[in-house]
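In our numbering, the protein residues as written are 13 to 261.
Reviewing the structure listed below.
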């Protein structure tokens with residue numbers, strides 16, 4: 013099978029990540045794939061154990077071309093990753109409902125990314141500690157330093173999984189109604205109904221200490237803002253802080 017080689021800014025196109033239809037909606041460059049990943053809070057991780065397929069929803073975060081997620085040390089999925097296992101991780105966003113003049117042409121506006129790689133357990137104590145701080149700071153930059161120290165038992169009870177993205181693709185539809193030409197005369201409403209997940213007003217814990225206010229790491233989560241935009245901004249801030257720390261080190 014012919015494989016299109018990766019460039020410095022794109023993933024190789026292979027039989028796994030190549031779009032089988034609607035090639036015009038596909039993207040293989042890092043920027044497009046990372047944008048979909050960074051705008052999401054939840055992913056779905058698919059894998060096979062003893063011939064049985066599973067798909068698990070979980071929180072994910074990205075650092076460069078690595079994806080991370082975590083769970084309980086008692087998790088069936090995580091216990092079976094000790095030797096490394098192939099996984100497929102997906103993130104998707106629904107952006108609009110597309111109502112056409114025929115059932116065939118109804119659609120949805122969306123952004124999705126599919127990533128392939130070999131998942132492994134992060135066992136090294138320093139790497140695991142960094143990852144556990146990262147799961148907080150990726151969403152709320154700088155917050156990990158504000159929290160109490162993680163107890164040893166908490167670290168032991170949490171398993172962290174890392175996966176370098178080997179192959180990936182993004183697929184996006186951001187368009188209007190695509191009816192057949194003769195259908196435009198059909199007397200029924202057609203159009204796009206936008207859909208988004210919006211941040212609501214914060215609900216402070218009733219047991220807050222006096223004078224406690226939200227800090228800078230939560231600033232992107234403003235009431236009325238789209239969640240995907242806030243998450244993408246948080247990722248940019250997190251990457252900036254990480255790069256600064258590496259320069260200082």
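Glycine is no exception: its CB is placed at the ideal position from the N, C-alpha and C atoms.
If you're wondering where the values come from, they're calculated on a predicted model, not measured in any experiment.
Asked                                                                                                                                                                                    : Found
Assign residue 32 to buried or exposed, taking buried as 16 or more other Cβ atoms, counted over all protein chains shown, within 10 Å of its Cβ.                                        : exposed
Might you give, ordered along the chain, the residues of its own chain that have their beta carbon closer than 8 Å to the beta carbon of residue 96, omitting 5 neighbours on each side? : 130, 131, 132
Thinking just about the alpha-carbon of each residue, which of 253, 181, 231, 112 is nearest to the one in residue 39?                                                                   : 181
Measure the Cβ-Cβ separation of residue 24 and residue 158 and say whether it is below 8 Å.                                                                                              : no
Alpha carbon to alpha carbon, how far is residue 240 from residue 208?                                                                                                                   : 9 Å
Just how far apart, CA to CA, sit residue 14 and residue 26?                                                                                                                             : Reliability of the predicted coordinates at residue 14 is poor, the pLDDT of 37 falling under 50, and no value is obtained from them.
Applying the 10 Å Cβ sphere with the 16-neighbour rule, what's the burial state of residue 51?                                                                                           : buried
Can you give me the start and stop residues for the alpha helix (DSSP H) that residue 164 sits inside?                                                                                   : 164 to 169
Report the CB separation of residue 80 from residue 211 in whole angstroms; it is logged as a contact under 8 Å.                                                                         : Incorrect: roughly 24 Å between the Cβ atoms, too far for contact.
Rounded to whole angstroms, what is the Cα-Cα separation between residue 34 and residue 224?                                                                                             : 51 Å
Residues bridged to residue 54 by DSSP?                                                                                                                                                  : 71
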